[in-house]
Amino acid sequence: MIWDVRNECMSREERHAIQVKRLQAMLGRVKAVVPFYHGQLHAVDPHDIRSLGDLAELPFTLKDDLRDNYPFGMFAVPMEDVVRIHSSSGTTGKPTVVGYAAADIRLWAECIARTLCGGGGTPGDILHNAYGYGLFTGGLGLHHGCELLGAAVIPVSGGNTKRQVTILQDFGPTLLSCTPSYALHLAEAGEEMGVDFAALPLRAAFLGAEPWTEAMRTEIQRRMHVRAHNIYGLSEVIGPGVSFECEHQDGAHVNEDHFIPEVIDPDTGAVLPDGQSGELVFTCVTKQCLPLVRYRTRDICSLTREPCACGRTTARMSLVTGRTDDMLIIRGVNVYPSQIEEVLLRFSEVEPHYLIQVDRKGTLDEASVQVELSSGFATDTVGEVEALSRRISAEIAAVLGLGLQVQLMEPKSIARSEGKAQRVVDNRKL
Ligand code: DLL
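Under the working numbering, the first residue of the sequence shown is numbered -11, with each subsequent residue one higher.
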């Protein structure tokens, strides 16, 4: 199902013309009203930007630029016009603060209505929204879009997992939204409480806010009896609603009429062709409060503009395989947590709950992965556990070219997340 047939399915030529017009208007506006862009774009005449290819001439905006202008210095509307403020947690340094004018909130709801509709949501559906409500954009973002769609939203937020399972049983939601790691946690808690997911009306899940893999999707779909759709977004660009997967689950459709995507080589900044993996960059052409020019997300993925069987003509992004800043360099080898996750999920003897730990002993990096044994893997012999750990370690070595120690942990011993899962502890940076 398609929420906005005109804007999601128009020809690429028609959309290009709209994007360029919006881009020119946005550049003129930010140059005039945002001191940061006044400086950045002093040599740019917006009317010289005649195609999206010309975007490559413009400077990037970095997370640090938002931090340097903390909290409201990048806002392009006066405070009287700001109706909402969110903030991203910011694990290092100051958090980034994002603002919304009334029109931005409406735009956001439209983008989420497209998202939910893309996964089959309609009026009459009930969404169990377990993204956190608060400064995080997940909870409220999904909430307003669901109401616009005309479906009922249960604003359950994160936490109190047992109560969430009871709500899944008693209220009969048909749609679920949360992080993929929390979906697994809900599946596990439900199984422990004797829930038969196949018998519940739940049919689609809208999962995002953290990287995940196809293997994880398969696992969630199998255990919860839902279709799991990847949804992507970031606070700076709007929150959730930047892109979403349709029923074909074959790349996330970018809401390109609002957020123009590019993929660049993170080292040189050069724009990469479709199909090549690199850092995702967005230009927000319609937002009032926080329009951004070529914002570097640090997320790694590739784009395709091949037609999708659903009829939407928007560019699609692959699953995010990692972030330029979550790549670990262990003994000189580049390692993304998602590569390790892929391998772990090949083994039915372990659960997809894991923690990668990196230490430095003298001058040498030492990396280990803690992963839980599944409760179905019943063995008393130490030998069997050791053999399993060696087999997993060998498969990781085959993928990464690097041996990691695999520690098999008791079932349920690794902390579960209610929001974004923490997968890496890098003690070298401490
Ligand atoms: O996580 C917005 C969101 C909420 C997206 C709910 C989807 C669902 P931030 O807290 O600003 O915003 O974090 C943004 O999370 O740059 C990615 O690194 C990561 N991320 C978000 N969605 C995905 C996804 C929200 N589907 C950062 N796959 C982004 C992989 C994702 N990573």
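In this text, a Cβ means the ideal position worked out from N, Cα and C, and glycines have one as well.
All figures in this text were calculated on a predicted structure; none of them were measured in a lab.
Under 8 Å between C-beta atoms of residue i and residue j
i	j	result
Leu123	Val281	no
Pro254	Thr312	yes
Gly178	Val214	no
Thr302	Glu(-4)	yes
Leu115	Tyr121	no
Val86	Glu267	no
Thr309	Ser265	yes
Gly227	Glu233	no
Arg416	Val321	no
Val230	Asn243	yes
Leu50	Met62	no
Leu307	Cys296	no
Ala20	Gln276	no
Ala409	Glu198	yes
Ser165	Leu130	yes
Ala44	Val183	no
Cβ neighbours of residue i in the same chain (closer than 8 Å, five flanking residues each side left out)
i	result
Glu207	Leu172, Leu333, Pro340
Phe159	Ile114, His116, Ile142
Asn57	Phe24
Proximal residues to residue i (C-beta, below 6 Å), its chain only, five neighbours per side dropped
i	result
Gln358	Leu343, Gln395, Met397
Leu136	Ala97, Ala101
Glu330	Thr201, Ala203
Asp414	Val346
Leu376	Glu337
Identity of the residues DSSP links to residue i by a beta bridge
i	result
Ala187	DSSP output for Ala187 lists no bridge partner at all.
Asn322	Ile317
Phe60	For Phe60, which the question treats as bridged, DSSP gives no partner whatsoever.
Pro249	Phe270
Lys349	Leu352
Ile73	Gly87
Phe24	Phe24 is not bridged to any residue.
Arg231	For the sequence presented, residue 231 should be read as Ser rather than Arg. DSSP lists Tyr220, Val242 as partners of Ser231.
Nearest neighbour of residue i, chosen from the options [CA to CA]
i	options	result
Asp(-8)	Pro261, Ser326, Arg300	Arg300
Ala216	Pro228, Glu224, Gln327, Glu202	Glu202
Arg378	Leu388, Leu392, Phe365, Ala366	Leu392
His246	Ile(-10), His4, Ser(-1), Met(-11)	His4
Glu176	Arg411, Tyr119, Ser405	Ser405
Ser381	Ala403, Ile402, Ile328, Val370	Ile328
Ala31	Gly16, Gly196, Arg286, Thr256	Gly16
Leu352	Thr149, Val323, Ile318	Ile318
Leu156	Glu2, Val373, Thr125, Met212	Met212
Arg38	Ile384, Ile6, Asp314, Met305	Ile6
Ala366	Pro399, His26, Glu354	Pro399
Arg48	Gln28, Val144, Gly263	Strictly speaking, residue 48 in this sequence is Phe, with Arg absent from that position. The residue with the shortest Cα to Cα distance from Phe48 is Gln28.
Pro325	Arg304, Val370, Met305, Arg411	Arg411
His241	Met305, Phe185, Phe270, Glu372	Met305
Tyr119	Tyr88, Thr149, Gly106	Thr149
Val18	Val259, Ala193, Met(-11), Pro66	Pro66
Cβ-based neighbour list, residue i, same chain, cut-off 7 Å, excluding 5 preceding and 5 following
i	result
Arg205	Ala216
Met14	Val273, Pro279
Thr162	Asp113, Ile114, Pro189, Leu190, Arg191
Pro83	Ser75, Ser76, Ser77
Distance cut-off 7 Å: residue i Cβ against heavy atoms of the ligand GTP
i	result
Asn117	Judged by which ligands are present, the ligand GTP is missing from the structure shown, whose ligands are the ligand DLL.
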